[in-house]
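S.K.:
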Amino acid sequence: MAEIVPFYGVLPAKEYASRVAALPYDVYSREEAAVAAAKDRLSFLNIDRPETQFDPSQDMYAPEVYCKADEMLQAEIAEKIFVQDTEKNYYIYELTMNGRSQTGLVACASIDDYIHNVIKKHENTRAEKEEDRVHHVDQCSAQTGPIFLAYHRDERIAAVIARAKEQEPIFDFCSDDGIGHRGWRIGDTSDIIEICEAFAGIDHIYIADGHHRAASAVRVGLQRRAEHPNYEGDEEFNYFLSVLFPDDELMIMDYNRLVKDLNGLSVPEFLKRTGEVFEVTPCEEGKKPEKKGCVTMYLDSQWYHLELKPQYRSADPVLGLDVSALQNHLIAPVLDIQDPKRNCRIDFVGGIRGLEELKRRVDEDGWAAAFAMYPTSIGELFAVADAGLLMPPKSTWFEPKLRSGLFLHLFER
51 MAEIVPFYGV
61 LPAKEYASRV
71 AALPYDVYSR
81 EEAAVAAAKD
91 RLSFLNIDRP
101 ETQFDPSQDM
111 YAPEVYCKAD
121 EMLQAEIAEK
131 IFVQDTEKNY
141 YIYELTMNGR
151 SQTGLVACAS
161 IDDYIHNVIK
171 KHENTRAEKE
181 EDRVHHVDQC
191 SAQTGPIFLA
201 YHRDERIAAV
211 IARAKEQEPI
221 FDFCSDDGIG
231 HRGWRIGDTS
241 DIIEICEAFA
251 GIDHIYIADG
261 HHRAASAVRV
271 GLQRRAEHPN
281 YEGDEEFNYF
291 LSVLFPDDEL
301 MIMDYNRLVK
311 DLNGLSVPEF
321 LKRTGEVFEV
331 TPCEEGKKPE
341 KKGCVTMYLD
351 SQWYHLELKP
361 QYRSADPVLG
371 LDVSALQNHL
381 IAPVLDIQDP
391 KRNCRIDFVG
401 GIRGLEELKR
411 RVDEDGWAAA
421 FAMYPTSIGE
431 LFAVADAGLL
441 MPPKSTWFEP
451 KLRSGLFLHL
461 FER
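In the numbering used here, the protein residues as written are 51 to 463.
#1: Since D120 is in the alpha helix (DSSP H), which residue starts that stretch and which ends it?
#2: Pick out whichever of T136, A112, F461 and H231 has its Cα sitting closest to the Cα of T146.
#3: For D98, count neighbouring C-beta atoms within 10 Å of its own C-beta (all shown protein chains included) and say buried if the count is 16 or more, exposed if not.
#4: Could you check which residue in I197, L315 and A418 has the C-alpha nearest to that of S292?
#5: Could you name each continuous alpha helix (DSSP H) segment of 4 residues or more that falls completely within the segment 65–95, going from the start of the chain to the end?
#6: Excluding the five sequence neighbours on either side, which residues of its own chain have a C-beta within less than 6 angstroms of the C-beta of A435, listed in chain order?
#7: Would you mind giving the Cβ-Cβ distance between Y140 and I245, rounded to the nearest angstrom? I have them listed as a contact below 8 angstroms.
#8: Around the Cβ of H459, are there at least 16 other Cβ atoms within 10 angstroms (buried) or fewer (exposed)?
#9: Tell me whether I255 sits in a helix, a strand or coil according to DSSP, three-state version.
#10: Output the distance between the C-alpha atoms of L380 and T324, rounded to the nearest integer angstrom.
#11: Thinking A63 and F223 are a contact (beta carbons under 8 angstroms), I'd like their distance in whole angstroms, please.
#12: Thinking C-alpha only, which one of E144, F457 and W417 is nearest Q134?
#13: What residues match up with K170 in a beta bridge as DSSP calls it?
#14: Could you name the residues of the same chain whose beta carbon sits closer than 7 angstroms to that of V330, not counting the 5 residues immediately before and after it, in chain order?
#15: Is F457 helix, strand or coil by DSSP?
#16: Between F249 and G271, which are expected to be in contact by the criterion C-beta below 8 angstroms, what is the C-beta distance as a whole number of angstroms?
#17: Decide if A437 is buried, meaning its Cβ has at least 16 other Cβ atoms within 10 Å, or exposed.
#18: Quick check: the Cα distance between Q217 and R263, rounded to an integer number of angstroms?
#19: So, under 8 angstroms CB-CB, L308 and I396 are touching, yes? Tell me the CB distance rounded to an integer number of Å.
#20: Starting from the Cα of N174, find the closest Cα among A258, F57 and L312 and give me that residue.
#21: Per DSSP, which residues does Q152 bridge with? Please list them.
#22: Could you say if the segment 185–192 and the segment 109–127 meet the contact criterion of at least three C-beta pairs nearer than 8 angstroms?
#23: What residues are listed by DSSP as bridge partners for T346?
#24: Which two residues bound the contiguous alpha helix (DSSP H) that contains G400?
#25: Considering Cα atoms alone, identify which of D238, P219 and W417 is closest to V210.
#26: To test your reading of the DSSP string, which unbroken alpha helix (DSSP H) runs of 4 or more residues are found completely within the segment 209–250?
#27: Measure the C-alpha to C-alpha separation of N96 and P332 and round it to an integer number of angstroms.
#28: With DSSP as the reference, please indicate the residues paired to Q193 in a beta bridge.
#29: Going by beta carbon distance, what residues of the same chain come within less than 7 angstroms of R206, once the five residues before and after it are set aside?
#30: Could you tell me how far apart the beta carbons of S445 and L371 are, in whole angstroms, since I believe they sit closer than 8 angstroms?
#31: For A382, collect the residues of the same chain with a Cβ closer than 8 angstroms to its Cβ; drop the 5 residues on either side in sequence, then sort them by chain order.
#32: Just reading off the beta strand (DSSP E) that V384 is part of, what are its end residues?
#33: Which residues in the same chain have their Cβ closer than 7 angstroms to the Cβ of S160, if we skip the five residues on either side of it in sequence?
#34: Once you ignore the five residues that flank S427 on each side, which residues in its own chain have a CB closer than 7 angstroms to its CB?
#35: Can you look up P16 in the DSSP assignment and give me helix, strand or coil?
#36: Which of helix, strand or coil does DSSP assign to V368?
Below, the structure written as structure tokens:
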């Protein structure tokens, strides 16, 4: 059973919500973060990336940087830019992109559920990436970026959310990238009980995105337990901020590949090797793959349609992924890129950028070839997690991105 609980939400005042909302901290380089944060002092990116408040020579991981994040957060709470609810509530967060909406429940998940694998993962985390968020969460005593969780659709939860969405939203705006954002509060006692009981009947929740944020939140929670040895279990540090989406509302986009060179092969030689694994068909124009097992390739000013040959398909949850097939049967053995996480000869481009970005990177930036993938499905993600396995790096690209700063969860210092 999953423990998904309401919390004392800290939300921006309605008039500030559109200015506060910021893309996740980790989509920016340091230089990009500085430029974006400078556009509006209320952008939550200023708090999420506090090194933006210092000279570029400042060590971005120094203690004083995290202290600055806490200082700014407390100042904005004092200024009533952020206001904490006096009752525990659930919340709703709806995002709309290109006319398509997905609606998540904003709540807190249990660190024990994470530890005991009720909350399932599909990728490993890197300690150095965790450390930054550990220090940020610890210093602020707050989780500021929600973990993106998914669950098998439940009609009881859906009914409560549908009723709540009939009320006046607590925020309603369109961000600069055209994404619509609306939120609601669920404070009715019977609705809260209904949601709690429904999740208690759900065996597993899945991390869709935010593995490092989740691991960091859990580490800080365990640290607080050590600092409060008489804790009772209901303290806020035992839970972490999440937005939970039903599986049938989620859209995973393609996560595409670029390779820097052909490992010494000529274009005809590389096409011959590719043809050993895929049926290769030249195309007049590039089109995204329309089914599993297909890849669109751009090479030497020519588009190709690739379809994986039957003997290379697999029923294994990981080996059967399209990203695995491309890596294991072409990128590793032919191009000698064995570790895509660390090899500078491969790069990854989110599907939101489109095929034109892949073509541009090859034609203008000097990359040798681009591969547009068919998106990994949410069912494939669940299957990998259920099997206790891990996905290859850069297997999923979720859109639209959850904004930081719209919902905060504070806990005991």
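Note that beta-carbon positions come from the ideal geometry of N, C-alpha and C, so glycine has one too.
M.R.: For this structure:
#1: P113 to A128
#2: H231
#3: buried
#4: I197
#5: 67–70 and 80–88
#6: K170, H172 and Y256
#7: Confirmed, about 6 angstroms.
#8: buried
#9: strand
#10: 7 angstroms
#11: Contact doesn't hold; Cβ gap of about 13 angstroms is too wide.
#12: F457
#13: Y256
#14: The residues L321, T324, Y354 and L356, in chain order, have a CB closer than 7 angstroms to that of V330 in the same chain once the five nearest residues on each side in sequence are set aside.
#15: coil
#16: In this structure, F249 and G271 do not form a Cβ contact; the two beta carbons are roughly 19 angstroms apart against a cut-off of 8 angstroms.
#17: That one is exposed.
#18: 31 angstroms
#19: 7 angstroms
#20: A258
#21: DSSP lists L145 as partners of Q152.
#22: yes
#23: H355 and A422
#24: Segment I396 to G400 is the beta strand (DSSP E) holding G400; no alpha helix (DSSP H) there.
#25: Answer by Cα proximity: D238.
#26: 239–250
#27: 48 angstroms
#28: H459
#29: E244 and A248
#30: Contact between S445 and L371 holds, since their C-beta atoms are separated by about 6 angstroms, short of 8 angstroms.
#31: Q388
#32: Element bounds for V384: n/a, residue is neither H nor E.
#33: Result list for S160: E53, N288 and Y289, in chain order.
#34: I302
#35: Any answer about residue 16 is impossible in this case: the structure gives the chain only from 51 up to 463.
#36: Correct three-state label for V368: coil.
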